[in-house]
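For reference, the structure is listed below as structure tokens.
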Amino acid sequence: MAEQNKAIHKMAQRVMDGYEAVHNKQYDKGKQLLEPLLSFLHQEEKPNVTLLCYVAISQIGSKDIDNFLKTFEELQKHEPKNNKEAALKERVEKMFEELMGSLSDNLGE
Numbered sequence: 423m424a425e426q427n428k429a430i431h432k433m434a435q436r437v438m439d440g441y442e443a444v445h446n447k448q449y450d451k452g453k454q455l456l457e458p459l460l461s462f463l464h465q466e467e468k469p470n471v472t473l474l475c476y477v478a479i480s481q482i483g484s485k486d487i488d489n490f491l492k493t494f495e496e497l498q499k500h501e502p503k504n505n506k507e508a509a510l511k512e513r514v515e516k517m518f519e520e521l522m523g524s525l526s527d528n529l530g531e
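First residue of the sequence shown: 423, per this note's numbering; consecutive thereafter.
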């Protein structure tokens with residue numbers, strides 16, 4: 423039981439470190455810490471909107487556009503549970519709009 427608690431604590435610490443890295447604009451570090459946890463902490467029947475948002479922000483911040491688009495698509499399937507999640511999701515949606523705008527600007531040249 424102690425080993426299981428230690429593993430849970432270690433995973434929770436990794437999530438917190440990843441969130442902090444994204445807050446500090448260390449997107450590569452945030453992506454490295456958070457992406458591997460998606461399969462454990464986010465499932466279709468138990469969505470984790472906050473984690474999806476932070477992963478998406480770390481992906482676009484580290485210029486991993488393909489994975490950002492995949493994460494964004496997954497994020498669109500889920501409703502935020504509270505105001506904090508709603509604000510995070512809105513921030514990611516604005517990033518998506520900016521990305522699409524810059525792509526269409528580049529294509530229009």
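For each residue, glycine too, the CB sits at the ideal point set by N, CA and C.
Burial state of residue i (16 or more Cβ within 10 Å)
| i | result |
| --- | --- |
| N504 | exposed |
| P458 | exposed |
| G523 | exposed |
| N470 | buried |
Boundaries (first-last residue) of the alpha helix (DSSP H) holding residue i
| i | result |
| --- | --- |
| H431 | A424 to H445 |
| E457 | It is not in any alpha helix (DSSP H) - E457 carries neither H nor E in the DSSP assignment. |
Cut-off 6 Å between Cβ atoms - residues of its own chain near residue i, not counting five sequence neighbours on either side
| i | result |
| --- | --- |
| V444 | G452, Y476, I479 and S480 |
Residue i to residue j span [Cα, whole Å]
| i | j | result |
| --- | --- | --- |
| Q465 | D486 | 22 Å |
| E442 | L473 | 12 Å |
| K468 | K447 | 28 Å |
Sequence-distant residues of the same chain with beta carbon closer than 7 Å to residue i, five excluded per side
| i | result |
| --- | --- |
| E496 | L474 |
Contact set for residue i: own chain, Cβ-Cβ below 8 Å, skip 5 residues either direction
| i | result |
| --- | --- |
| F462 | M433 |
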